[in-house]
Structures are given as structure tokens and as C-alpha cells.
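*Asks:*
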């Protein structure tokens with residue numbers, strides 16, 4: 001096993017999966033890439049859009065949207081940076097990938113395109129809604145990945 005892809009989302013379960021992946025990577029001497037896929041996009045709430053749009057130029061609107069997108073990316077990058085610490089403590093310097101889109105599809109596609117030997121995912125996420133969603137994401141990864149998948153409970 002040479003390459004391990006670890007899907008993280010900032011939840012306790014994902015951190016547990018990252019810790020398990022760090023142990024495994026250290027044991028087998030594998031390269032590690034952390035991947036985080038976010039779904040939200042910068043947007044102005046619909047009820048405020050017409051009011052705001054009537055006062056601002058298209059350039060200003062684009063600038064606002066760009067700043068919101070940068071804020072989203074910064075928050076999501078922090079998740080990768082925090083989970084990278086589990087690996088750095090073991091002398092492993094993981095690559096970090098931040099993508100936007102459907103989490104399961106992006107993880108599966110990235111793993112296949114980059115020829116990973118293993119995908120590591122958590123079995124659930126944050127609260128009730130996230131737990132359901134991440135559970136369905138990890139399930140979809142297990143069903144659709146062409147790469148072996150380890151689900152950490």
C-alpha cells in the first residue's frame with residue numbers, strides 16, 4: 001500500500017478516522033492525502049438579492065461573492081490543517097486537497113484519477129442531519145469507489 005486518501009469533514013468521527021489512517025500510514029510507510037469536499041457556495045439570500053442588486057454594480061456584486069467564497073475556503077482549509085496535525089505528529093507530511101462539489105463523487109473521482117490504494121472515511125458526521133448525510137456519503141463511497149475503502153467506526 002503506497003497511497004492513502006483520507007476524507008475529513010471536521011467531525012469527531014472524521015478525526016478518529018484520520019488518527020487511524022495516520023497509524024496505518026506510519027506502519028506501512030504510505031503517502032497520505034487529506035481531502036475535504038465542501039458543498040456550500042457563496043450567495044446572497046434570495047430575500048435580500050433584489051434589494052442589494054439594485055444598489056450595487058455587477059462588479060461590486062462579483063467582489064462580494066468572491067469574498068464570501070474566500071471565507072468559505074478559509075474555514076474549510078482549517079479543517080484540513082487541523083487534521084494534518086495527526087499525521088505530522090507521526091512524521092508524515094500529508095498533501096491537502098480542497099474541492100467543491102458532491103463529496104462522495106469528488107472523493108471517488110479523485111481517488112481513481114490519482115491511483116490511490118485506499119480511501120479512509122468515517123462512518124458518521126456531526127449532528128443528526130450531518131450524521132445521516134455523512135453516513136450516506138460514506139455509504140456511497142463504499143458502493144461506488146473503484147478503490148478499496150476503510151470505514152472507521
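Numbering (the UniProt record's numbering), first residue to last: 1 to 153.
Here a beta-carbon is modelled for each residue, glycine too, at the ideal position from N, C-alpha and C.
Can you round the beta-carbon distance between residue 3 and residue 31 to whole angstroms, since I take them to be within the 8 angstroms contact cut?
*Replies:* So it is a contact: roughly 5 angstroms between Cβ atoms.
*Asks:* Given that a residue counts as buried once 16 or more other Cβ atoms are within 10 Å of its Cβ, and exposed if not, what is residue 106?
*Replies:* Buried is the call here.
*Asks:* For residue 143, count neighbouring C-beta atoms within 10 Å of its own C-beta (all shown protein chains included) and say buried if the count is 16 or more, exposed if not.
*Replies:* So residue 143 counts as exposed.
*Asks:* Answer yes or no: do residue 34 and residue 98 have a C-beta to C-beta separation smaller than 7 angstroms?
*Replies:* No, the Cβ-Cβ distance between residue 34 and residue 98 is not below 7 angstroms.
*Asks:* Looking at the secondary structure, which residues open and close the beta strand (DSSP E) in which residue 122 lies?
*Replies:* First-last of the beta strand (DSSP E) with residue 122: 118-122.
*Asks:* Where does residue 113 land, buried or exposed, given buried means 16+ other C-beta within 10 angstroms?
*Replies:* With fewer than 16 other Cβ atoms within 10 Å, it is exposed.
*Asks:* Taking DSSP as the reference, what is the three-state secondary structure of residue 3?
*Replies:* In this structure, residue 3 counts as strand in the three-state DSSP scheme.
*Asks:* Quick check: what's the CA-CA separation for residue 75 versus residue 93?
*Replies:* Cα to Cα, residue 75 sits roughly 21 angstroms from residue 93.
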